[in-house]
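Residue 210 in the UniProt record's numbering sits at position 210 of the sequence shown, and the numbers go up by one each step. Glycine included, C-beta positions come from ideal geometry on N, C-alpha and C. Here the structure is a predicted model, which is why all the values come from computation and not from measurement. Reading through the structure tokens given below for one structure.
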Amino acid sequence: MKNKNKQELHQSNTTVNHCERRPNRTTRCCCCLFSIIWYVLISIIILVLLVILVLYIILQPRSFTFHVTQANLTTFNYLSNTTMLRYNLVLNFTLHNPNKKLGIYFDEARGHALYQEKEFSTTTPLTAPWFSYLLSTKERVLMSVVFSGNKLVVLDVDDFEGDMNRGVFGIDVKIYFLIRFRIGDFIGNNLINYARAKCGIKVPFNSSTKNGTTMVFEPTKCEVDL
């Protein structure tokens, strides 16, 4: 009887131990699977970073540069009683691609002109060979923008008259682009990027003079954001 009880107790302990081992095996399998997935993900991330690093070293990508080389403001009159601004502003730019291996396609370009932080004119397309124009490596291209017309806009009359007396107007010009990149024969048609050139310029009004000297526009480099 005593031996029988011991045998039953042994069988019971064996059953309990067997039941306890099952979840441990399942847990270990889950841990192994999770570890494998984690290592695979880490390997993929490292591989992608290495590819990006290698491409960056090979291509050495740089943003294009944008300069306002000439500005002519022949009309800039504000009628405060009607809040009507009449303007005629012509700007010449140079656009330069400094990259050695990276070409840039410009699919669209549109310009916005602001005075006293208020937009008074928009123009599109700009005067240049746009419409998927390729700016090749190390190439420099000329372009021009004409802002002409009239706009109802509320301005600070005192500031306007002060600028008129000084003969210089501070105007902000923003040029927005849709661009694609070209590496050799590969063109990123599905990788359309937005770029902006922001130019804060001081424009003399209609050949203004100061102390008997004709005021000349100073070429200005614009800030480019990709």
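Starting from Val168 and walking both ways along the beta strand (DSSP E), at which residues does that stretch end? Taken as a continuous stretch (DSSP letters only), the beta strand (DSSP E) holding Val168 covers Val168 to Ile183.
Buried or exposed by the 16-neighbour rule on C-beta atoms within 10 Å, applied to Asp159: The Cβ neighbour count for Asp159, taken over all protein chains shown within 10 Å, is under 16; the residue is labelled exposed.
Quick check: the Cα distance between Asn88 and Ser148, rounded to an integer number of angstroms? Looking at the two C-alpha atoms, the distance is approximately 4 Å.
Please report how far the alpha carbon of Leu155 lies from the alpha carbon of Asp172, in whole angstroms. Answer to the nearest angstrom: the Cα atoms are 15 Å apart.
For Asp107 and Arg180, believed in contact at Cβ under 8 Å, the rounded distance: Between Arg180 and Asp107 a beta carbon distance of about 7 Å is seen, short of the 8 Å cut, so the two are scored as contacting.
Beta-carbon proximity list for Phe217, same chain, < 7 Å, skipping 5 on both sides: So the list reads Gln70, Ala71, Val203 and Pro204, once near-sequence residues are dropped.
From the DSSP output, read off the bridge partner residues of Gly162. According to DSSP, which records beta bridges pairwise, Gly162 is partnered with nothing at all.
Assuming Asn165 and Arg86 make a contact with CB atoms under 8 Å, what is their CB distance in whole Å? Between the beta-carbon of Asn165 and that of Arg86 there is about 18 Å, and that puts the pair past the 8 Å contact cut.
What residue range is occupied by the uninterrupted beta strand (DSSP E) comprising residue 244? Since the first residue shown for the chain is 1 and the last is 226, residue 244 is missing from the structure and cannot be characterised.
Would the stretch 97-105 count as touching the stretch 135-144 if we require 3 or more Cβ pairs under 8 Å? Proximity of the stretch 97-105 to the stretch 135-144 meets the contact definition, three or more beta-carbon pairs being nearer than 8 Å.
On the DSSP bridge assignment, give the partners of Cys32 in chain order. According to DSSP, Cys32 bridges with nothing at all.
Proximity below 9 Å, CB of Arg62 to CB of Asn92: Not closer than 9 Å, so no.
Quick one: is Asn77 buried, meaning 16 or more other Cβ sit within 10 Å of its Cβ, or exposed? Asn77 is classed as exposed because its beta carbon has fewer than 16 other beta carbons within 10 Å across all chains shown.
Report the three-state DSSP secondary structure of Val40 (helix, strand or coil). DSSP, reduced to helix, strand and coil, places Val40 within a helical segment of the structure shown.
State the start and end residues of the unbroken beta strand (DSSP E) segment that holds Lys138. Taken as a continuous stretch (DSSP letters only), Lys138 belongs to no beta strand (DSSP E), as it is neither H nor E.
For Leu142 and Met84, what's the separation of their Cα atoms in angstroms? Distance between Leu142 and Met84, taken at the CA atoms: about 32 Å.
I'd like to check one pair, Val145 with Gly111: are the Cβ atoms closer than 9 Å? Taking 9 Å as the Cβ cut-off, Gly111 and Val145 qualify as a contacting pair.
Buried or exposed for Gly48, please, with buried defined as at least 16 other CB atoms from any protein chain shown within 10 angstroms of its CB. The sequence given here places Val at residue 48; Gly does not occur at that position. By the 10 Å Cβ count, Val48 comes out exposed.
Inspect the beta-carbon positions of Ala109 and Phe177 and report whether they are closer than 9 Å. It is a contact, given that the beta carbons lie within the stated cut-off.
Is residue 241 near Phe66, with beta carbons less than 9 Å apart? Not covered by the structure: residue 241. The range shown for the chain is 1 to 226.
Beta-ladder partner(s) of Asn92, from DSSP: Assignment of beta-bridge partners to Asn92 by DSSP yields Gln70 and Ser144.
Straight-line CA distance for Ile175 to Ser35? One C-alpha to the other measures close to 50 Å.
Counting C-beta neighbours from all protein chains within 10 Å, is the total for Phe169 16 or more, i.e. buried, or is it exposed? It is buried - the Cβ of Phe169 has at least 16 other Cβ atoms within 10 Å.
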